[in-house]
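Right, one structure below, let's go through it.
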Amino acid sequence: MNKSSPLKSVNISAGILGDYVVSPHILPDRLTGATYRIFLEQGLPSLLQAVPLPIQRDMWFMHDGTPAHISSTVWYFLIATYPAADLWLGLLTHRTSTTGLFLLGEA
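Using this note's numbering, read the sequence shown as starting at 106 and increasing by one per residue.
So, in structure tokens, the structure goes:
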């Protein structure tokens, strides 16, 4: 990136589960509850294919309080799909009490 080009942000989802790295997945530039739900339904399962099921069963997924992460469409999907909803950290917490993890870098 040269100094005269405008800055661009990229939404990326990635993770580490034990010894497994969950490949980074580029999310839409403008993340909404609907587009995040599509990622949870269609993108996340394919990213987790290389992770053994016993590790997947014990994983915790942390939301950072972003409006898309706590939208009603996401909340209802997670509750219906994953009955152990207490493992979805940050889903029901107040936005100001959460922290986020950000991957930063240069293109």
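Quick reminder that beta carbons are idealized off the backbone N, C-alpha and C, glycines included. Predicted, not measured: the structure shown is a model, and the values here were computed from it.
Would residue i and residue j qualify as a contact pair, given that the criterion is a beta-carbon distance under 8 Å?
{"i": "valine 156", "j": "leucine 122", "result": "yes"}
Among the options, which one has its Cα closest to the Cα of residue i?
{"i": "aspartate 169", "options": "Ser118, Thr140, Thr178", "result": "Ser118"}
{"i": "tyrosine 181", "options": "Gln161, Asp163, Glu146, Pro129", "result": "Glu146"}
{"i": "histidine 130", "options": "Ala185, Pro111, Leu152", "result": "Leu152"}
{"i": "threonine 171", "options": "Gln154, Leu136, Ala185", "result": "Leu136"}
{"i": "proline 159", "options": "Tyr125, Asn116, Val115", "result": "Tyr125"}
{"i": "serine 114", "options": "Gly120, Asp134, Ser128", "result": "Asp134"}
{"i": "serine 128", "options": "Pro150, Met167, Asp163", "result": "Pro150"}
{"i": "glutamine 161", "options": "Ile143, Tyr187, Phe144", "result": "Tyr187"}
{"i": "tryptophan 165", "options": "Gly120, Asn116, Pro111", "result": "Gly120"}
{"i": "serine 176", "options": "Ile143, Asp163, Pro111", "result": "Ile143"}
What distance in whole Å lies between the Cβ atoms of residue j and residue i, which are believed to be in contact at a cut-off of 8 Å?
{"i": "threonine 178", "j": "glycine 148", "result": "Contact doesn't hold; Cβ gap of about 15 Å is too wide."}
{"i": "tyrosine 141", "j": "alanine 185", "result": "That belief does not hold up - the Cβ atoms of tyrosine 141 and alanine 185 are roughly 15 Å apart, past 8 Å."}
Helix, strand or coil, according to DSSP, for residue i in the structure here?
{"i": "proline 111", "result": "coil"}
{"i": "serine 176", "result": "coil"}
{"i": "arginine 200", "result": "Caution applies to arginine 200, whose pLDDT of 40 falls short of 50 and renders its modelled position unreliable; the value that the coordinates give is listed next. Helix at arginine 200."}
{"i": "tyrosine 187", "result": "coil"}
Restricting to runs no shorter than 3 residues, where is the beta strand (DSSP E) found entirely within the region 122 to 160? DSSP runs (the beta strand (DSSP E)) wholly in the region 122 to 160: 125 to 131.
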